[in-house]
Amino acid sequence: MSATKTVTQSDTAIGKLTLAYDDAIHQKYKYHEYLPVYDEETHFDPIQPFEFTDRGLAADKAKPALLSSTNPDLKVSKLTPVIGTEIRGLQLSQLNDTQKNELALLIAERGVVIFRGQDFKDIGPEKQKEFARYFGPLHVHPVGAHVKDHLEYHNIYLGPDNEYRARQRRERLTTTGYHSDVSYEHQPPGITILTLLSVPPTGGDTAWASQTAAYARLSQPIKTLLEGLRAEHSGFNQAENARRDGKYVRREPVKSEHPIVRVHPATGEKALFVNKGFTKRIIGLQHEESDALLQLLFNHIALGQDFQVRVKWEEGTVALWDNRVTAHTAISDFDIHNPQEGLRHGVRLTTQADKPSGINGLESVW
Ligand SMILES: O=C(O)CCC(=O)C(=O)O
Ligand SMILES: [Fe+2]
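For any residue, its number in this note's numbering is found by taking its place in the sequence shown, counting from 1, and adding 15.
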């Protein structure tokens with residue numbers, strides 16, 4: 016296996032910039048400007064608490080503006096009864112604020128909404144960021160690769176010239192790993208937008224699990240137990256691994272103790288808020304109790320195909336999910352060294368949301 020090739024440029028507009036790709040093999044790539052880079056100089060202070068109002072609260076529950084019956088091109092279908100809705104015939108780039116409010120509510124209700132045939136990836140990074148910012152302040156990933164001059168993008172790229180994430184998974188039986196993005200933040204992300212700029216002919220799907228349904232399936236005694244508990248979510252491993260691998264940490268890691276069952280501010284629905292990626296322990300339990308209970312929940316989330324949806328990407332697909340009520344996983348089943356299997360490249364914008372609130376006034380602490 017070839018090692019990750021990096022080309023270092025100094026004295027760029029934003030200081031030291033490392034390319035996380037081999038420029039020679041992407042010369043003709045239409046989305047060249049979105050290829051992954053690391054700004055290794057800009058440091059970010061801790062994220063400060065902020066007031067957050069969910070856009071879904073302003074929406075008409077019937078969603079007449081978004082799902083208008085007067086649009087002859089509109090096709091809306093549920094991907095499964097429990098999670099996921101697919102929309103065709105509507106451009107994200109054209110939505111007005113009333114429609115965006117209704118979209119925020121729809122995403123919260125359905126977990127993930129898949130928009131097909133979008134021009135979103137061609138409207139430019141500034142307009143994409145402006146669209147996302149409507150839903151909340153943009154999160155900057157503490158360690159991930161981003162887009163040149165746009166640190167708010169989290170870059171998703173595995174290729175023969177970038178094996179970093181593939182290498183991390185080589186010692187595992189599977190590439191799947193359900194998680195909720197950066198759940199260690201004090202106000203973790205809500206609405207998240209993933210756009211694939213290059214889609215492999217087959218493979219590279221993404222799957223989501225409904226954490227609302229996962230919660231609802233539990234027995235009443237377990238629900239009651241979990242509703243009174245918080246769990247620690249930590250960004251420290253991620254930062255330590257990045258440092259170990261010679262990556263730049265642009266913001267120091269944090270931990271939070273979030274309620275295990277959180278209530279969505281717009282829908283009032285309860286969702287499990289633990290994930291294998293970042294949840295370390297349940298506060299107040301003995302180690303063995305915490306490990307056993309978390310393992311039960313992680314297995315439950317990963318095994319529940321009847322509350323999951325697996326989405327195949329198409330040219331022009333944009334996925335929007337609510338990170339508070341879903342977990343997701345990439346499915347990296349394509350061979351990055353086989354050019355026939357294509358190039359998979361995407362960018363993610365994620366918006367910060369509320370400080371998680373649980374049942375009976377249980378709040379996050381840190
Ligand atoms: O590549 C994917 O399908 C999902 C990657 C991911 O976990 C994310 O964008 O947060
Ligand atoms: Fe993710």
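Glycine included, each C-beta is placed from N, C-alpha and C at the ideal position.
A distance below 9 Å separates the beta carbons of Ala345 and Thr221. In this structure, the alpha-carbon of Arg277 lies about 47 Å from that of Ala39. For Tyr230, the enclosing alpha helix (DSSP H) has its first and last residue at 226 to 231. Distance from the C-beta of Ile346 to the nearest heavy atom of ligand 1 is below 8 Å. Its chain contains Leu81 as the residues whose beta carbon lies nearer than 6 Å to that of Leu118, once the 5 sequence neighbours on both sides are disregarded; these appear in chain order.
CA-CA distance, Tyr168 to Tyr199, rounds to 18 Å. Restricting attention to Gly357, Leu240, Ile275, the CA atom closest to the CA of His41 is found in Gly357. The shortest C-alpha to C-alpha distance from Gln226 to any of Gln109, Lys144, Val324, Leu107 is the one to Val324.
Taken in chain order, the complete beta strand (DSSP E) segments of 3 or more residues contained in the segment 248 to 327 are 270 to 274, 276 to 278, 285 to 287, 294 to 297, 323 to 326. Contact between the segment 117 to 131 and the segment 60 to 72 is present: three or more C-beta pairs spanning the two stretches fall below 8 Å. DSSP places Gln367 in the uninterrupted beta strand (DSSP E) bounded by 359 to 367. Residue environment: Ser305 is assigned as buried (16 or more neighbouring CB atoms within 10 Å of its CB, all protein chains considered). Each of Thr341, Ile275, Leu300, Ala286 was checked against the Cα of Glu378, and the nearest Cα belongs to Ile275. Inside the segment 171 to 243, DSSP marks whole beta strand (DSSP E) runs of 3 or more residues at positions 204 to 213, 221 to 225, from first to last along the chain. Residue pairing by DSSP leaves Glu329 without any beta bridge partner. Counting the other Cβ atoms within 10 Å of the Cβ of Asn170 gives 16 or more, which makes it buried. For the beta strand (DSSP E) assignment, the uninterrupted runs of no fewer than 3 residues enclosed by the segment 24 to 101 are, from N- to C-terminal side, 30 to 34, 51 to 54, 90 to 93.
Here Pro215 is buried. Its C-beta has 16 or more other C-beta atoms within 10 Å.
Here Ile351 is not bridged, per DSSP, to any residue.
At a Cβ-Cβ threshold of 9 Å, Gln143 and Leu364 count as neighbours.
Under the 10 Å beta carbon count, Pro87 is surrounded by fewer than 16 other beta carbons and is classified as exposed. Within the model, the alpha-carbon separation for Asp321 versus Thr332 is close to 24 Å. The segment 234 to 242 makes no contact with the segment 256 to 266: fewer than 3 CB pairs, one atom from each, lie closer than 8 Å. Separation of Ile206 and Asp176 (C-alpha to C-alpha, rounded to the nearest whole angstrom) is 31 Å. Rounded to the nearest angstrom, the Cβ distance from Pro268 to Ala246 is 17 Å, too far for a contact under 8 Å.
When Phe293, Pro203, Gln301, Arg266 are compared, the shortest CA-CA separation from Phe313 is found for Phe293.
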